[in-house]
Structure formats: C-alpha cells, structure tokens
DNA sequence: GCCGTTTTCGGCCCGACTGTTTTCAGTCG
C-alpha cells in the first residue's frame with residue numbers, strides 16, 4: 142500500500158501501524174459531502190478486488206484509446222492502493238468513513254462513491270461502449286501492448302484473440318503500419334504459447350528448487366564472481382512468476398553463452414543486442430519456470446541488486462528520493478542532474494541506501510508499505526528469522542494423515558535444531574484425515590510420554606508436546622469436550638469443512654473456538670490454498686479483535702500452498718495486537734522446510750521475534766501460549 | 001488524474017531490448 146504523507150513521527154513504536162497510514166488526518170478536510178445512500182443497501186457490496194479490477198480496466202481502456210499517460214497511470218495507482226488496502230473500501234464509502242487513499246483524488250473518489258452506492262459506474266460503462274472489452278483481452282498476448290492493440294482495433298477492426306489469430310495466419314496484419322510478416326509470426330507464436338501455457342505462478346518450494354539449480358550451475362562457471370537470486374524470490378513473495386538471477390562477472394557474454402548451453406534449458410530467449418556486449422538474457426527451464434538473467438559489472442552490484450530485487454513500487458520511491466536529492470537512479474548507479482553529470486556506483490546495497498540517507502531495508506519489506514517512512518524515522522523492525530524459532534506448533538504423524546511415525550517426525554524436528562515440537566494430529570470428526578477418537582487420544586498421549594522419557598534418558602533436552610488440530614464442526618461445536626481438551630499441552634483449532642457457509646455463520650464458529658479457554662492457537666485462519674481454494678469469507682477486523690481480546694494465538698502456516706495468515710493479514714493482525722506462531726504443518730519429514738516459508742511471510746508482515754511465541758524457550762512458550770481468557 | 005511548506009500549475013521513475021523507424025516507438029520489468 143502506498144504510504145500516507147503524514148506518517149507518524151514519534152519514535153514510540155517500531156513501525157507506523159497500517160491503520161495509522163491510511164486514516165485521514167483529523168485536520169485533513171473531507172472531500173465535499175456526497176449523498177450517502179440508503180439506496181445502496183440493496184446493492185451488493187463490491188470487494189476491493191472488484192473495485193481495483195474496474196480501475197485497472199479503465200486504465201487499459203484509456204491507454205488503448207490513446208489517453209495521456211499520466212491519466213492512465215493515475216487510475217492504475219489508485220487501483221493498486223485499493224487492491225492492497227486492508228480496509229473494505231466500498232463498505233467504508235457506504236458508512237461515510239473513507240480512509241485516506243494514496244492516489245485517489247476528487248475524480249476517482251467520486252467514481253468510488255458511485256460504485257459503492259450503486260454497484261455501477263457510468264463512466265466505466267461509457268468507456269466500454271467506446272472500447273469493447275474484448276479488445277482489452279488482446280493485452281494478454283506477450284509483446285502486444287496497448288498501443289498496438291488500439292491500432293489493431295482501429296485499423297483492422299480486430300477485437301478478440303480469435304480475430305487476431307485469424308488475421309495473423311491469413312497474413313493480413315503485414316499491411317498495417319509497423320507490422321511485418323515477422324511480427325505476424327511472433328504474434329502467432331505468442332498466441333499459441335498463451336493457449337498452451339497460461340501464465341502460472343510458482344509456489345515457493347518449487348521456485349526454491351529452480352533457484353538452487355540455476356545458482357549451482359552458474360557459480361561453478363569461470364569468471365563468475367557471484368550469483369545472486371533477486372526479484373520477487375528474494376523478497377519471498379508468496380508466489381513467483383519468473384526467476385531473476387544476477388551474475389557479477391567480468392565477461393557477461395561468456396556467462397550468457399554458458400547459460401544457453403545448460404542441459405536443463407529448454408529454450409533460450411533473446412541473445413541481446415546484435416552489436417556490443419549482451420548483458421541480459423532469458424531462458425525457459427525444462428519443466429520449470431522462466432529464468433531472467435542479468436549480468437552486472439564487478440564492484441558495482443549495489444544498484445543492480447536494489448533495482449532487480451524491487452518491488453517496482455519500492456524502486457519508484459527510491460528514484461523519487463534520488464531525484465529530490467539531484468540524482469537520477471537506475472540499475473547502473475546514480476547520475477547527477479548537473480552539467481556535466483557526475484556518476485556514482487556502489488558495491489553494496491547498504492551503500493546505495495546510505496547514499497539516499499536510509500538504513501539498509503530488508504528485501505522482505507521492499508513493497509512500499511511504509512518501510513521508507515519507517516527507515517527515515519529509524520523504526521525499521523528487527524525481523525524474526527528462522528534461527529529464532531525454537532519449536533514447531535503444528536505437525537502430524539501417521540496416527541492421522543501424516544506419513545511418518547511420531548518417533549521419526551520428532552527425530553527430524555530435533556535434527557533440524559528445534560527444541561520442541563507439538564504433535565497435532567486431527568480430531569475425531571475429520572474422518573477423511575483419520576481423526577483420532579478419544580480412546581486413541583489417550584493412547585497417543587502415552588506414546589508421547591514414553592518418547593519423552595526415552596529422550597530424557599538419552600540426556601537430550603528436546604521435548605515432544607502433545608497437542609491436537611481440533612476441528613470446528615459445521616454446526617459450531619468442538620470435536621472434544623473441555624475435559625479432554627484440558628489434558629493436552631497445546632490445542633490448535635481449525636476449520637476444514639462447511640467452508641462455504643455465510644460470513645456470520647463462519648464467524649460464529651470461529652468465536653466458539655476463540656472463546657474456549659482450552660483453545661490456544663487458530664491454525665491457517667483463512668483456510669485458503671493458493672490457486673486451489675479461496676479464502677473463507679470472514680469479517681477479518683472482528684476476527685483479529687476477538688483473537689486479541691481472548692489472547693488466542695494466530696498461526697502463520699508455512700505450508701507453501703497455504704501461507705496463512707498471509708503477509709498482509711498477519712500485518713493487520715499485528716497492528717490489532719495479536720500474537721503469533723510460525724508453523725510447518727508438516728505431514729512429511731521434508732515439510733519441516735515449511736518453517737522457512739512461514740518465517741518469510743512473517744518477515745513480510747513486519748513480525749519480530751517478540752511477536753512470535755515459538756521463538757521462546759519451552760517453559761516460557763507453554764506459559765505464554767496457554768495464557769488466555 | 002494526482003499532488004504539493006522550497007509548487008494550486010507543471011511536473012509526474014528509468015533503461016534494455018526489439019523491430020524496422022534510417023532516428024524511434026512500443027513493450028517490458
């Protein structure tokens with residue numbers, strides 16, 4: 142979310158709370174009064190995603206229509222703000238309590254009000270009459286941008302992917318200005334790729350494998366001084382589109398040639414300019430993602446790293462700061478705006494940030510969500526790290542739907558340096574996951590007890606805790622009675638069935654768990670699986686509030702297909718005063734890796750170790766996690 | 001279209017690569 146201009150300045154807390162960044166300052170005059178409509182009450186409320194999509198589409202249509210770039214950019218900036226806002230924007234408009242939204246001025250404000258009140262936007266509908274929506278779909282073709290889409294539509298009346306394909310294969314496009322037979326071929330290829338392989342984002346675990354392979358291959362090459370994965374992978378976004386690799390080398394052309402020759406390369410992209418030395422290239426990995434490789438001159442890596450790590454929004458802020466100081470910033474370095482221009486390059490990112498008057502900002506924070514303001518105020522968080530974790534509070538065994546014995550999982554947890562592990566097999570009603578009956582629970586407790594005894598005899602201080610992942614049933618009950626629940630060391634509650642219930646019902650179910658004194662942690666609160674299952678429809682603010690009030694801990698589930706809470710929600714929950722655990726939800730030995738992904742999302746949410754209970758030593762952890770109303 | 005105590009008007013982030021333009025526009029990240 143783009144930050145507000147009036148970030149707090151008192152050095153009383155680590156970071157400006159998200160709510161502070163978006164709340165209109167008291168002396169900031171409201172936009173002129175607009176009628177607040179009860180007429181809106183029977184109109185379905187548009188979500189932030191829908192509002193943002195409409196604004197993005199307005200941007201696309203304006204661009205196809207040849208509108209001035211800054212107007213187009215204004216709609217997209219406003220769309221970004223809304224897409225990233227933790228506040229339910231349409232609801233806020235209806236209630237007349239509109240937060241300050243960066244990039245939303247008078248004109249877009251009025252359009253948002255109309256959308257909130259009526260669910261429609263006349264301006265948008267007019268535009269759609271001028272520019273058919275199907276023309277916008279042409280933009281999905283890689284290499285085909287808005288200008289060309291507009292020309293195709295105006296000159297050749299092409300307004301859909303099918304029409305584009307037909308025209309290109311009949312050789313009709315080459316008659317248009319700026320088009321050739323080669324362009325037609327390129328478009329046909331792009332269309333075919335688009336149909337074959339819709340752009341798919343990688344889960345972190347899969348991206349990690351690809352990163353490892355590329356890095357290992359290139360590191361051993363001659364003349365390579367460093368190989369550094371950058372881009373959204375380095376920021377550990379929850380999914381990765383393609384993998385950006387930076388290589389520090391004195392001989393970029395040789396590096397590129399070597400990459401093209403790797404056995405795992407399915408298709409090599411551009412070879413760079415025909416004259417002069419190529420500095421970057423793209424390859425398609427066999428059964429894997431696209432790799433974008435950029436080379437950088439030795440000793441000047443700082444600005445390259447910053448530039449190619451991003452995010453784009455963060456970089457924009459840095460370049461604006463540079464310009465305010467009289468410098469232009471690009472990947473190559475700083476160029477002064479004086480005549481003659483002066484040039485500065487730096488070996489490290491620390492020096493680049495330092496030149497702008499900023500402390501080093503961790504890649505996990507580089508999203509323009511207040512990190513620049515926090516850095517300027519000296520209030521960047523000290524982010525939690527994997528080494529801080531002493532325990533894992535969510536793991537399974539073959540007693541329910543895990544795939545390894547209790548003993549084997551515990552051994553693996555210990556091998557990975559954990560001091561304690563909570564075994565949390567599923568409760569009875571989740572029969573698909575072979576949930577435990579009360580009798581089996583007692584039996585399992587004895588097994589855990591025996592194992593701990595054996596570990597103590599060996600003199601190890603690792604401890605296995607007995608817990609369960611307790612199902613919150615569709616009719617709002619907990620699987621086990623309080624007497625049984627009270628005997629567990631730790632109880633985590635979650636919800637796997639009846640996911641489509643209306644919001645009020647889902648909230649009521651969660652409330653049962655939050656208000657039960659035996660429930661310590663809510664596991665994967667949103668219930669999503671990335672790209673597979675949508676989020677539960679919850680009143681999130683109320684959820685965070687009640688969890689904070691009852692001191693029920695919220696999980697950051699590290700499974701790379703869950704990452705739940707996600708970074709934004711965990712940040713909002715942090716601002717609401719919540720406490721967290723970061724867990725693997727391991728069903729296999731290898732899934733203890735999930736702790737890495739969980740920590741990564743927690744860092745993106747600005748969490749510090751003091752916010753995460755399983756960074757505490759065992760006794761303190763147990764005292765803290767069970768300390769609730 | 002948005003924004004601002006060095007501006008209510010005049011700015012708005014930057015460069016590589018591609019294709020076909022013989023000097024640059026479009027696309028992408």
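Numbering (our numbering), first residue to last: 142 to 770.
Beta carbons are placed, not taken as given, at the ideal position from N, Cα and C, and that holds for glycine.
Worksheet item: At what residues does the alpha helix (DSSP H) containing residue 799 begin and finish?
Response: Because the chain here runs from 142 to 770, residue 799 falls outside it and cannot be looked at.
Item to complete: Look at residue 738 and residue 701 and say whether their C-beta atoms are less than 9 Å apart.
Response: Contact flag set, yes.
Worksheet item: Once you ignore the five residues that flank residue 691 on each side, which residues in its own chain have a CB closer than 7 Å to its CB?
Response: Only 655, 656, 769 and 770 meet the Cβ criterion.
Worksheet item: My guess is that residue 345 and residue 377 are in contact by the Cβ rule of under 8 Å, so how many angstroms apart are they, rounded?
Response: Going by Cβ atoms, the distance from residue 345 to residue 377 rounds to 7 Å, so yes, they are a contact pair.
Discussion item. Suppose you measure from the CA of residue 430 to the CA of residue 383; what does that come to, to the nearest Å?
Written reply: Going from the Cα of residue 430 to the Cα of residue 383 covers about 6 Å.
Discussion item. Quick check: the Cα distance between residue 330 and residue 230, rounded to an integer number of angstroms?
Written reply: Taking the straight line from one Cα to the other gives about 41 Å.
Worksheet item: What does residue 381 pair with, by DSSP beta-bridge criteria?
Response: The partner list for residue 381 (beta bridge, DSSP) reads 343.
Worksheet item: So, residue 363 versus residue 395, is the Cβ gap smaller than 9 Å?
Response: Yes, the Cβ-Cβ distance between residue 363 and residue 395 is below 9 Å.
Item to complete: Determine the direct distance from the alpha carbon of residue 563 to that of residue 257, and round the result to whole angstroms.
Response: Distance between the alpha carbons of residue 257 and residue 563: 46 Å.
Worksheet item: Counting Cβ pairs closer than 8 Å, one from the region 723 to 743 and one from the region 487 to 500, do we hit at least three?
Response: Taking 8 Å as the limit for Cβ pairs, the verdict is that the region 487 to 500 does not touch the region 723 to 743.
Worksheet entry | Between the CA atoms of residue 356 and residue 535 - distance to the nearest angstrom | If you take the alpha carbons of residue 535 and residue 356, they lie about 32 Å apart.
Worksheet item: Using CA coordinates, which residue listed in 764, 620 and 447 is at the minimum distance from residue 503?
Response: The residue with the shortest Cα to Cα distance from residue 503 is 447.
Worksheet item: residue 294 lies in the beta strand (DSSP E); which residues open and close that run?
Response: Counting along the chain, no beta strand (DSSP E) covers residue 294; the unbroken alpha helix (DSSP H) around it starts and ends at 287 to 297.
Practice prompt. Report the rounded CA-to-CA distance for residue 742 versus residue 289, giving the unit in angstroms.
Written response: Cα to Cα, the separation comes out at about 39 Å.
Worksheet item: With a cut-off of 8 Å, do at least 3 Cβ pairs link the region 639 to 649 to the region 602 to 611?
Response: Contact fails: fewer than three Cβ-Cβ distances are below 8 Å.
Worksheet entry | Span of the beta strand (DSSP E) around residue 468 | 468 to 471 is the span of the beta strand (DSSP E), which, as asked, contains residue 468.
Fill in: residue 544 (DSSP reduced to helix, strand or coil)
In this structure, residue 544 counts as coil in the three-state DSSP scheme.
Worksheet item: With a cut-off of 8 Å, do at least 3 Cβ pairs link the region 270 to 277 to the region 234 to 254?
Response: The region 270 to 277 makes no contact with the region 234 to 254, as fewer than three CB pairs between them are under 8 Å.
Worksheet item: Expressed to the nearest angstrom, what Euclidean distance is found between the alpha-carbon atoms of residue 232 and residue 242?
Response: Taking the CA atoms as reference points, residue 232 sits about 14 Å from residue 242.
Item to complete: Note down, one range per segment and in chain order, each alpha helix (DSSP H) of at least 4 residues found wholly within the region 487 to 513.
Response: Listed in chain order, the complete alpha helix (DSSP H) runs (minimum 4 residues) inside the region 487 to 513 are 490 to 496.
Fill in: Nearest residue (CA-CA) to residue 463, options 513, 193, 186 and 531
It is 513.
Fill in: 8 Å CB neighbourhood of residue 449 in its chain, flanking five on each side removed
For residue 449, where only same-chain residues beyond five positions count, the Cβ hits under 8 Å are 371, 372, 385, 387, 435 and 472.
Worksheet entry | Residues bridged to residue 612 (per DSSP) | Looking at the DSSP output, residue 612 bridges to 635.
Worksheet entry | Beta-carbon proximity check, residue 532 vs residue 755, cutoff 9 Å | Result yes, Cβ atoms of residue 532 and residue 755 sit closer than 9 Å.
Worksheet item: Based on Cα-Cα distance, which residue from 184, 369 and 282 lies nearest to residue 255?
Response: Ranked by Cα distance from residue 255, the first of 184, 369 and 282 is 184.
Discussion item. Please report the distance separating the alpha-carbon of residue 689 from that of residue 658.
Written reply: Looking at the two C-alpha atoms, the distance is approximately 14 Å.
Worksheet item: Buried or exposed: which applies to residue 665, given that a residue is buried once 16 or more other Cβ atoms fall within 10 Å of its Cβ?
Response: Burial call: buried.
Worksheet item: Of the choices 595, 280 and 194, whose alpha-carbon is the least far from that of residue 219?
Response: Comparing alpha-carbon positions, the option among 595, 280 and 194 lying closest to residue 219 turns out to be 194.
Item to complete: Hey, could you find the ends of the alpha helix (DSSP H) residue 561 is sitting in?
Response: Looking at the DSSP string, residue 561 is not in any alpha helix (DSSP H); the run it does join, the beta strand (DSSP E), is 561 to 567.
Discussion item. Let me confirm a value: residue 773 is counted as buried when at least 16 other C-beta atoms fall within 10 Å, else exposed. Which label applies?
Written reply: Here the chain comprises residues numbered 142 to 770, so residue 773 is not present and cannot be evaluated.
Discussion item. Comparing C-alpha positions only, which one of 244, 758, 498 and 296 sits nearest to residue 558?
Written reply: For the residues 244, 758, 498 and 296, the minimum Cα distance to residue 558 belongs to 758.
Fill in: Alpha-carbon spacing of residue 525 relative to residue 751, whole angstroms
Distance between the alpha carbons of residue 525 and residue 751 is about 8 Å.
Worksheet item: From residue 263 to residue 191, what distance separates their C-alpha atoms?
Response: The straight-line gap from Cα to Cα measures roughly 16 Å.
Practice prompt. Just the C-alpha distance for residue 358 and residue 519, rounded to the nearest angstrom, thanks.
Written response: For the pair residue 358 and residue 519, the Cα-to-Cα distance works out to about 40 Å.
Worksheet item: Beta-carbon separation of residue 704 and residue 714 under 9 Å?
Response: Pairing residue 704 with residue 714 gives a Cβ-Cβ distance that is not under 9 Å.
Worksheet item: Just how far apart, CA to CA, sit residue 216 and residue 680?
Response: Straight across, the Cα-Cα distance linking residue 216 with residue 680 is about 28 Å.
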